[in-house]
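Asker: Quick one: the structure is below, questions incoming.
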Amino acid sequence: MQASKTQLAQKLAGQKSLNATLLKSTSWRMTAPLRAAVDAVRTFGDVLRGVVRHHRQKVISPEVAAFHKEGYLAPVDLFTPAQCALIVKHYQLHARRSRHKGHKALAAHDRFFYDLATRPSLLARLKPLLGDDIILWGASVMIRKAGDVHDWHTDIESSARDGRFVSVWVGLENTCRGSALQIASRSHRFGEPIQQVIHERGLHRSQVTSDMVAAWAREHDREASVVQPEMTDGQAIIFDGRLWHGSHNTGPAKRSALILQYAAAGTPVVFPDLDKLDQWPFCFSAERPTSLLVAGKGKEGLGAPRPAGFSEKPLPIDTHLRGGEGFLASSDGWKPYRLFNGSTPILPGMKAHVSVLSPGHCPHPPHCHIEEELLVVLDGEAEILIADGPDPADAAVKRYGPGSFVYYPAYQHHTIRNVAAAPVTYLMFKWQAAPFEVREPLDTTLSEIGGRFAAPREAPRTTRVLFEGPTGYLGKLHAHVTELQPGAGYPAHADKYDVAIIVFSGTVETLGKTVGPGGSIYYAAGQRHGMRNVGKDPAKYLVFEFHGPQAGRAAAR
């Protein structure tokens, strides 16, 4: 195909060169070859166009053809309701309160929004529209109360005639047909933004109605119309950046939506002067967007921002072993001991610490955060507070001892306090990853390893599953407790998921080192490891498995 196009182009260039020479003469004799050349050019052009049409017919899918014709795709299933709920929580409790530099710059400063904008399923839809090299230049959340109107407009940043811009509007909360975005189909091919049309008619954009827009659109294309798709939370409208659009929330409640704005790499993006949005011709600002290269290659574009709260330059975690000694109480009442903070093949952000909480102390009121978390009581007795907000008076309180643990999903309010007479020692794992397309994630889960569950002579290794299921960031979080008899163990192997182990009794050997009660072990995915009970008594330990999106079956160990 490529060779045929090249040959035709070379012949066409040769004929054009001959034309230039012949056109300098007016004689019939000299123009006869010119007429023949023109016929040849037409023939070559027809052949070339036919080849290109044939090539396009072979590679352009019906979805892409519809996008180029109508200017949009909708509704597109993109996020699950559980993902939408997490996005709204993150925006309300964290992102909205943070001051980010730059216009529409959520993804440039917040790894959570960057991860949303680079979900594999979304990029797979964008590549046929923009090519393999894509930048993300805008990410924002728009909230419209019931009755709110967002006047009809074309996004100024993406209004260039040449196109090469695609925007993604995703309903997050209270999305329905009445609250969804309104678009003028085929308006990306009209050659003029709607602000120009409004100006030429002597109107202000606040005077423009959907009926007026529909009439103007039909002046360009009789098949054009105003469309407001039937939608629900998690569904998206993917549209050409030149499209005319607006919104009028006629739904019964406040509507939240995420807007992600992309361009083909190499496409200039300029911001409007925000004080002159109603002017035509457009007025532009000296400000430039923070562009992120999200697919392929390109000269422009920053890399991914780091997850908040994790190391500035997270070091890869391969294995980590720590004994249970040396964790002492502090006169401050709360003393944390960092274990590790870095990244693994499964998690871009994973950290762990052991803390000692003195009697009568609480490290903080109930709080919440973007990370998911596991808290494991190693020694002493603790009160676990689980709440819907920061007021401890409204929290549910449960008392737990060694071997008890709790899983907190992202943005679950919680804290711990010590009302006993002795210090309490506990271990925490905190992690963040790309929000996973999960429909029913694990809720807050409290559990405990319990007493002995197998007589020594029954089996060399006995395992009991405590819980497992997907979370907002993991394909599966799995927990089980194992009792390993003296001399028993399992051979070295590598898992496709991260593994954390906390020893409660006995002594085990792994990677040439021994770990006893209160000690912890972490194996990143792909790290070879085995284990053996080298003590005289049964060894009992708690195991957590952190699986990626393609969660395999949990293997007992």
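Residue numbering for the sequence shown follows the numbering used here, beginning at 220 and increasing consecutively. Even for Gly, the Cβ is constructed at its ideal location relative to N, Cα and C.
1) In whole angstroms, what is the alpha-carbon distance linking Ile589 and Asn560?
2) Pro294 and Ile456: beta carbons closer than 8 Å?
3) Touching or not, the stretch 334-350 and the stretch 361-370, by the rule of three or more beta carbon pairs under 8 Å?
4) Run through DSSP, which three-state label would Gly357 get?
5) Please list the terminal residues of the continuous beta strand (DSSP E) segment that includes Gln480.
6) Along the beta strand (DSSP E) that carries Phe332, what are the first and last residues, could you check?
7) If you drop the 5 nearest sequence neighbours on each side, which residues of the same chain put their C-beta closer than 7 Å to that of Ala548?
8) Judging by CA-CA distance, which residue of Pro491, Ser510, Gly543 and Ala285 is the nearest neighbour of Ser724?
9) Which stretch, first to last residue, makes up the beta strand (DSSP E) that contains Ala455?
10) Determine the contact status of Glu702 and Lys759, defining contact as a CB-CB distance below 8 Å.
11) Thinking C-alpha only, which one of Tyr481, Leu512 and Leu661 is nearest Ser191?
12) For Asp296, count the other beta carbons within 10 Å of its own beta carbon; 16 or more makes it buried, fewer makes it exposed. Which is it?
13) Give the secondary structure of Lys308 by DSSP, where H, G and I count as helix, E and B as strand, and everything else as coil.
14) Bridge partners for Phe624 per DSSP, in chain order?
15) Quick one: is Ala639 near chain B, going by C-beta distance under 8 Å?
16) Taking only the alpha-carbon atoms, compute the straight-line gap between Leu496 and Ser406 and give it to the nearest angstrom.
17) Between His699, Ile354, Thr690 and Asp329, which lies nearest to Arg863 when the distance is taken from Cα to Cα?
18) Straight-line CA distance for Ala399 to His369?
19) Indicate whether Leu540 and Leu730 have their beta-carbon atoms separated by less than 8 Å.
20) Between which two residues does the beta strand (DSSP E) containing Gln651 stretch?
21) Quick check on Val616: buried or exposed, where buried means 16 or more other Cβ atoms within 10 Å of its Cβ?
22) Of all the options Ser623, Glu600 and Ala614, which has the alpha carbon lying nearest to the alpha carbon of Leu594?
23) Going by DSSP, name the residue or residues bridged to Phe763.
24) Within the same chain, show all residues whose beta-carbon is closer than 7 Å to that of Val257, passing over the 5 residues directly before and after it, in chain order.
25) Are the Cβ atoms of Ile413 and Gly515 separated by less than 8 Å?
26) For Ile362, name the three-state secondary structure that DSSP assigns.
Answerer: To lay it out plainly:
1) 16 Å
2) yes
3) no
4) strand
5) Arg474 to Ala483
6) It is not in any beta strand (DSSP E) - Phe332 instead sits in the alpha helix (DSSP H) that spans Arg330 to Ala336.
7) Lys554, Val575, Ser577 and Pro642
8) It is Gly543.
9) Gln454 to Asp459
10) yes
11) Because residue 191 is not part of the residues shown, which for the chain are 220 to 776, the question remains open.
12) exposed
13) helix
14) Val595 and Ser666
15) Checking the listed chains, one finds no chain B in this structure; it contains a single protein chain.
16) Within the model, the alpha-carbon separation for Leu496 versus Ser406 is close to 20 Å.
17) One cannot answer for residue 863 here, as it falls past the ends of the chain, which runs 220 to 776.
18) 11 Å
19) Yes.
20) Unbroken beta strand (DSSP E) run through Gln651: Val643 to Gln651.
21) exposed
22) Ser623
23) Ala698 and Ala719
24) Any reading at Val257 needs caution, since the residue's pLDDT is 44, under 50, leaving its predicted position unreliable; the model's value is listed next. Taken in chain order, the list of residues that qualify is empty.
25) no
26) strand
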